[in-house]
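Asks: Before I ask anything, let me first share the structure, which is written out below as structure tokens.
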Amino acid sequence: MGTQPVVIAAGARTPVGKLNGALSAIDAVELGAHAVRAALERTDLRPDYIAVGNVLQAANGQNPGRRAALAGGVGRTVPGITLNDVCLASMSAVAMAAAMIRAGEATTVLAGGFDSMTRAPHAIHLRPGTKMGARAMTDVMVHDGLHCSIAGEGMGAMSDAENVRLGVTREAQDRLAAASHARALAGRGRLADEIAPIGDLTHDEGVRETAYETLADLAPAFTADGTITAGNASQVSDGAAAAIITTADRASDPLAEVVGRAVVAGPDSTLHLRPAEASRLVLERHGLSAADVDLWEINEAFAGVVIASADALAIDLDRVNVNGGAVAIGHPLAGSGLRLVLTLAYELRRRGGGVGVATLCGGGGQGEAILLRA
């Protein structure tokens, strides 16, 4: 069993592209490979295991996480796994890496995650054959990425109902969304530290100048009387992230220590409170409370998730997503969990250190949180 602290030795991500945007011509596995390549360029360490998330795996080939790692420069003798617990996938990859290192099963692990929501295919069942008539096609992006297969319901409509139950108002969601874009625009230079540009795309494509009044005029996206719109929900996106996880004695200039992780589920498929519950659990395990945390990254899957979880934790939104969140940056599924971790680690280091929590919800009603110290 290892006694050395587990740390993030280096990490990088792609800029996040919009649906059918600047990254739309790039294969999902190549997006992952780009992030891996960039992470490896930031350290001399080489992994002895691969843990990479990918949610929309259809037609990405066998073990697409390992495929991306090998295409990014990891050696053919390095084994690996592709993880899929939906939005949690690349955060779970970091957790798996840390657990393996602490257990003595690995010394250095490549953790990562990627998805191209643009290039997710449409599928049709043709194996039995069709003698006459039309056959319906399934949008893999929606079916595998945005629809809760356990509840049999889209996560947007489900979250609209949860906003009502928890009293999350349309105004609060739109104001958070406007702040997300403003912070991401103001933080563009800071976010550049973690981004490995692709071609001419040097920053996250979906970030734009907007105002609360503009967002307030948008129509509901999922239910006729709902409060979720295209403006206060995360963007459908393409992107990837990768990091090298190892022990403190091997890393010359680590970004942050991976102190611990917690994951929760249920009792239903709703999303809003799962980040708060996972965060509370990981903090309790390490003798801390929300008041001890300097910075938070809470994934803006929907603005209401951040509002509800921040309220449950009794934390000030001034400490949450200080460089913007997924409403502005985008949410490329398996690329998001590690994106949160990297953004948090870079910002903690920029501020001279501190304690941070990165957390998010995931399809099926799960939540995950990672505790960092820098």
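Using the UniProt record's numbering, the first residue of the sequence shown is number 1, and each one after it goes up by one.
Even glycine gets a Cβ: it sits at the ideal position worked out from N, Cα and C.
These numbers were taken from a predicted model, which means no experiment stands behind them.
Given a threshold of 16 other Cβ atoms within 10 Å of its Cβ, counted over all protein chains shown, does residue 198 qualify as buried or as exposed?
Replies: Here the question's residue 198 lines up with position 198 in the sequence shown. Answer is buried; the Cβ neighbour count reaches 16.
Asks: Per DSSP, residue 360 is paired with what?
Replies: Here the question's residue 360 lines up with position 360 in the sequence shown. 368, per the DSSP bridge assignment.
Asks: Should residue 16 be flagged as near chain C, meaning a C-beta pair shorter than 8 angstroms?
Replies: Of the protein chains in this structure there is only one, and it is not chain C.
Asks: So, using beta-carbon positions, are residue 348 and residue 337 closer together than 8 angstroms?
Replies: As a position in the sequence shown, residue 348 is number 348, starting the count at 1. As a position in the sequence shown, residue 337 is number 337, starting the count at 1. Their beta carbons are not under 8 angstroms apart, which means residue 348 does not touch residue 337 by this criterion.
Asks: Let me know the secondary structure DSSP gives residue 180 once reduced to three states.
Replies: The sequence position of residue 180 within the sequence shown is 180, counting from 1. Looking at residue 180 - three-state DSSP - the assignment turns out to be helix.
Asks: Between which two residues does the alpha helix (DSSP H) holding residue 65 run?
Replies: As a working note, residue 65 is residue 65 in the sequence shown. Counting along the chain, the alpha helix (DSSP H) containing residue 65 begins and ends at 64-71.
Asks: Would the region 304-323 and the region 152-168 be scored as touching if the rule is three or more Cβ pairs under 8 angstroms?
Replies: At 8 angstroms Cβ cutoff, the stretches touch.
Asks: Hey, could you find the ends of the beta strand (DSSP E) residue 238 is sitting in?
Replies: Here residue 238 refers to the residue found at position 238 of the sequence shown. 237-247 is the extent of the beta strand (DSSP E) around residue 238.
Asks: Can you tell which of 28, 335 and 214 has the C-alpha that lies nearest to the C-alpha of residue 119?
Replies: Residue 119 sits at position 119 when you count from the first residue of the sequence shown. Residue 119 has its Cα closest to that of 28, out of 28, 335 and 214.
Asks: Would you kindly work out how many angstroms separate the C-alpha atoms of residue 247 and residue 44, rounded to a whole number?
Replies: Counting from one through the sequence shown, the residue named residue 247 turns up at place 247. Counting from one through the sequence shown, the residue named residue 44 turns up at place 44. Distance between the alpha carbons of residue 247 and residue 44 is about 14 angstroms.
Asks: Note down, one range per segment and in chain order, each beta strand (DSSP E) of at least 3 residues found wholly within the region 7-92.
Replies: Fully enclosed beta strand (DSSP E) runs of 3 or longer: 49-53 and 80-83.
Asks: Quick one: give me the first and last residue of the alpha helix (DSSP H) that residue 207 is part of.
Replies: Counting from one through the sequence shown, the residue named residue 207 turns up at place 207. Looking at the DSSP string, residue 207 is not in any alpha helix (DSSP H), and its letter there is neither H nor E.
Asks: Using only CA atoms, which one of 233, 16, 218 and 122 lies nearest to residue 200?
Replies: In the sequence shown, the residue the question calls residue 200 occupies position 200. Among 233, 16, 218 and 122, the Cα nearest to that of residue 200 is on 16.
Asks: Which word fits residue 206, buried or exposed, when buried means at least 16 other C-beta atoms lie within 10 angstroms of its C-beta?
Replies: The residue given as residue 206 occupies position 206 in the sequence shown. Answer is buried; the Cβ neighbour count reaches 16.
Asks: Residues in its own chain within less than 7 angstroms of residue 274 by CB, not counting five upstream and five downstream?
Replies: For the purposes of this step, residue 274 is taken as the residue at position 274 of the sequence shown. So the qualifying residues of the chain are 264, 361, 365, 366 and 367.
Asks: Roughly how many angstroms lie between the CA atoms of residue 31 and residue 170, to the nearest whole one?
Replies: Residue numbering aside, residue 31 sits at position 31 when the sequence shown is read from its first letter. Residue numbering aside, residue 170 sits at position 170 when the sequence shown is read from its first letter. Those two C-alpha atoms are separated by around 35 angstroms.
Asks: Tell me where the alpha helix (DSSP H) around residue 316 begins and ends.
Replies: Working through the sequence shown from its first residue, we reach residue 316 at position 316. Where residue 316 is concerned, there is no enclosing alpha helix (DSSP H), given that its DSSP letter is neither H nor E.
Asks: Indicate the three-state DSSP secondary structure (helix, strand or coil) for residue 298 in the structure shown.
Replies: Here residue 298 refers to the residue found at position 298 of the sequence shown. Residue 298: strand per DSSP, three-state reduction.
Asks: From residue 177 to residue 125, what distance separates their C-alpha atoms?
Replies: Your numbering for residue 177 matches position 177 in the sequence shown. Your numbering for residue 125 matches position 125 in the sequence shown. Their backbone Cα atoms lie some 39 angstroms apart in a straight line.
Asks: For the pair the region 120-140 and the region 74-89, tell me if three or more CB-CB distances fall below 8 angstroms.
Replies: They do not touch, by the three-pair rule.
Asks: Please classify residue 50 as buried or exposed, where buried requires at least 16 neighbouring CB atoms within 10 angstroms.
Replies: Residue 50 sits at position 50 when you count from the first residue of the sequence shown. Result: buried.
Asks: Compare the C-alpha of residue 116 against each of 252, 214 and 19 and name the closest.
Replies: Counting from 1 along the sequence shown, the entry for residue 116 is found at position 116. Out of 252, 214 and 19, 19 has the C-alpha closest to the C-alpha of residue 116.
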